[in-house]
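The block underneath contains the structure these notes are about, expressed in structure tokens.
Protein chains in written order, with this note's numbering: chain D, 128 to 562; chain R, 139 to 325.
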């Protein structure tokens, strides 16, 4: 079983939220969402209500509501569970969004890996149409028509980025667009478009069923409400859990049975590696944010293997548009492989870290901006993991090399003071070679 | 590869503009016409049409790329660009049953390597290859969202979790049985 604790969605009656929302004016629907403080659950955490407000204001005849079901972040599977268990809540959320911004068409962008759910979702949509909750004159409202269709993804992580997703819907390569203009102004087919995560949309339905005060009452000041977490890795009870924002990582680990972890990747491959001395951190946008992925690494895991796996992922999934992301991820991957062999020099490591920092600022979209995170976390918090076993070599070249290379500068420095006046080649035992 | 200039081809999609059109291509052309009828004659239809061709024929050949491009009013290079971008469109090996083993971290920690070895031994091919009888192709894939139930793999659209060597045998036998029952295979 994947669901591990009580999930709010299970207690929300179908269509309760939608009916409550349709009784209000679109403007007050948006205000309620703003009031609730709901932030996008895909990871970026942009306030959902504000997004809707922009889209409602923007001019355009054919506005679109898109449900982002391209859940590709390693270690994230909460959207799969939501779609499988409570698809009605997601479609309801889309309908509420459409009512609020004045959209007439909706698209679910379902990732290719979840194709097996398509039939079930189509059936759910059909049932909603027959019940009058989708299609023309929804719930008897004369002037509100809205329908949803499902569009399949084709296997590209970057399409989880909203502008790349829109490009993909338009039949192009999923390369993120320059922003601004944001999709809320110029999106799908150049019309105002909102793209919301599966979980955000389900929370919208819950908010209208239970009231925005209920949602605001939980969580922290900057991150109100609840969040589903996908927990995997070295834990006794992997699965989907619900926690209010602000829950400490140690509480979460305790619930899942992973207290003795060596490190936890919060936010998947694009998140950060949290070391044990920081397990008291809170999961929220003020402290450690996450799109819902929590991957636990036990005592015996080699974190360089982890970093290598993540970097392989990014090198594979980079769309290639920004040079620094396309090549930077390959360079970081090569660096990790050197480290594993104990052949990455201090200077090279420094260069890679500065490359990582550049990637964070010079990439166009979230993929490039976050791809060096885990690499940098390993270097920062788990420096001991990086092996520094020198390769023996013959004595001849070592003096020259020791001078020219910054490799293990401290060690070289040590030797220099030790054997300062002595012949260089007598005592210097060069440690390591550069690649 | 593409002998006709786009202009010549786009001028008419009728059969007689092609100098030589073998039987397979002619039937592919009719199929594409049909698909465009369903999905619409515009750029937005490109990916759904390619997905459908891919799922019926396991890959999109150069004739299909050119013909789709002509019908939707884009260049064949753009169609190729799209195909090469998406991992589910671009894989060039193709079997009736496409096995994609998840290689991302949680499945990796759940010992995907053991499963990978077992699959290669059972099928006699490496990753990126297809069995000589065209039945199975073997590929890596990135996270398929089954991180709590790894190691996980996809066979075409179907997902299998907690895969063990014993389960692999069952999966492969199941595929062969499905194929025998339905001579045309699954798509």
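By construction, the Cβ of each residue, glycine as well, lies at the ideal position given by its N, Cα and C atoms. Only a predicted model underlies this, so the values are computations on that prediction, with no experimental measurement involved.
| said: Check whether chain D comes within 9 Å of residue 140 of chain R, counting only Cβ atoms and requiring the distance to be less than that. | reply: Note on residue 140 of chain R: pLDDT 45, under 50, position unreliable in the model; the coordinate value appears next. With 9 Å as the cut-off, residue 140 of chain R does not count as an interface residue toward chain D.
| message | Would residue 358 of chain D pass as an interface residue toward chain C - the criterion being a Cβ-Cβ separation below 9 Å? | response | The structure shown contains no chain C; its protein chains are D and R.
| request: Starting from the C-beta of residue 143 of chain D, find all residues in its chain whose C-beta is less than 7 Å away, skip the five residues before and the five after it, and write them out in chain order. | output: 336
| message | In the DSSP assignment, the beta strand (DSSP E) including residue 369 of chain D goes from what residue to what residue? | response | 366-371
| task | Have a look at D:308, D:450, D:324 and D:431 and flag the residue whose alpha-carbon is nearest the alpha-carbon of residue 466 of chain D. | result | D:431
| request: Along the alpha helix (DSSP H) that carries residue 354 of chain D, what are the first and last residues, could you check? | output: Note, residue 354 of chain D: premise wrong, no alpha helix (DSSP H); beta strand (DSSP E) at 353-360.
| How about the stretch 310-328 of chain D and the stretch 499-507 of chain D: do they share at least three Cβ pairs that are nearer than 8 Å? | no
| message | Which of the three DSSP states is assigned to residue 341 of chain D in this structure? | response | helix
| request: Kindly indicate which residue of D:510, D:154, D:209 and D:227 has the alpha-carbon position closest to the one of residue 400 of chain D. | output: D:510
| query | Comparing the C-beta of residue 208 of chain R with each C-beta of chain D, is any distance below 9 Å? | reply | no
| said: The alpha helix (DSSP H) that contains residue 506 of chain D, what's its start and end? | reply: 500-508
| Touch test, the stretch 214-221 of chain D against the stretch 443-462 of chain D, Cβ-Cβ under 8 Å, three pairs minimum | Remark: fewer than three beta-carbon pairs, one from each stretch, lie closer than 8 Å, so the stretch 214-221 of chain D and the stretch 443-462 of chain D are not flagged as touching.
| field | residue 281 of chain D - containing alpha helix (DSSP H), residue span | value | Unbroken run through residue 281 of chain D: none, as it is neither H nor E.
| task | Could you name the residues that DSSP lists as bridge partners for residue 233 of chain D? | result | D:192 and D:275
| request: Would you verify that the beta carbon of residue 432 of chain D is, or is not, closer than 9 Å to some beta carbon of chain R? | output: yes
| Residues bridged to residue 382 of chain D [DSSP beta-bridge criterion] | The partner list for residue 382 of chain D (beta bridge, DSSP) is empty, contrary to what the question assumes.
| said: Quick check: is any heavy atom of the ligand FAD less than 8 Å from the C-beta of residue 200 of chain R? | reply: The model depicted lacks the ligand FAD and carries no ligand whatsoever.
| message | What does DSSP give as the partner residue(s) for residue 240 of chain R in the beta ladder? | response | R:279
| task | Give me the Cα-Cα distance between residue 306 of chain R and residue 276 of chain R, rounded to the nearest whole angstrom. | result | Taking the straight line from one Cα to the other gives about 13 Å.
| With 16 other Cβ atoms within 10 Å as the buried cut-off, status of residue 230 of chain R | exposed
| message | Distance cutoff 9 Å, beta carbons only. Does residue 175 of chain R sit that close to anything in chain D? | response | no
| task | Could you have a look at residue 220 of chain D and say whether DSSP puts it in helix, strand or coil? | result | helix
| Is residue 311 of chain R buried or exposed, if buried means 16 or more other CB atoms sit within 10 Å of its CB? | exposed
| message | So, with DSSP's three-state summary, where would you put residue 299 of chain D? | response | coil
| task | Take the Cβ of residue 243 of chain R as the centre, count every other Cβ of all protein chains shown within 10 Å, and call the residue buried at 16 or more, exposed below. | result | Looking at its Cβ environment, which holds 16 or more other Cβ atoms inside 10 Å, residue 243 of chain R is buried.
| DSSP three-state assignment for residue 318 of chain R, whether helix, strand or coil | helix
| said: Between residue 274 of chain D and chain R, is the shortest Cβ-Cβ distance under 9 Å, so that the two count as touching? | reply: Residue 274 of chain D does not count as touching chain R.
| Do you know how far the Cα of residue 360 of chain D is from the Cα of residue 384 of chain D? | Those two C-alpha atoms are separated by around 11 Å.
| query | Rounded C-beta distance between residue 442 of chain D and residue 460 of chain D? I'm assuming under 8 Å. | reply | 5 Å
| message | Run through chain R and tell me which residues come within less than 9 Å of residue 416 of chain D, C-beta to C-beta. | response | Within chain R, no residue comes near residue 416 of chain D; the closest Cβ sits about 19 Å away, beyond 9 Å.
| task | With residue 298 of chain R as the anchor, note down where its beta strand (DSSP E) starts and where it stops. | result | Residue 298 of chain R -> beta strand (DSSP E) spans 296-298.
| query | Going straight from the alpha carbon of residue 242 of chain D to that of residue 306 of chain D, what length do you get? | reply | 30 Å
| field | Cα-Cα separation between residue 341 of chain D and residue 334 of chain D, rounded to whole angstroms | value | 8 Å
| So what does DSSP say about residue 264 of chain D, is it helix, strand or coil? | coil
| said: Along the stretch 216-230 of chain R, where does the CB come closer than 7 Å to a CB of chain D? Name the residues. | reply: Cβ contacts with chain D: 219, 220, 223, 224, 225, 226 and 227.
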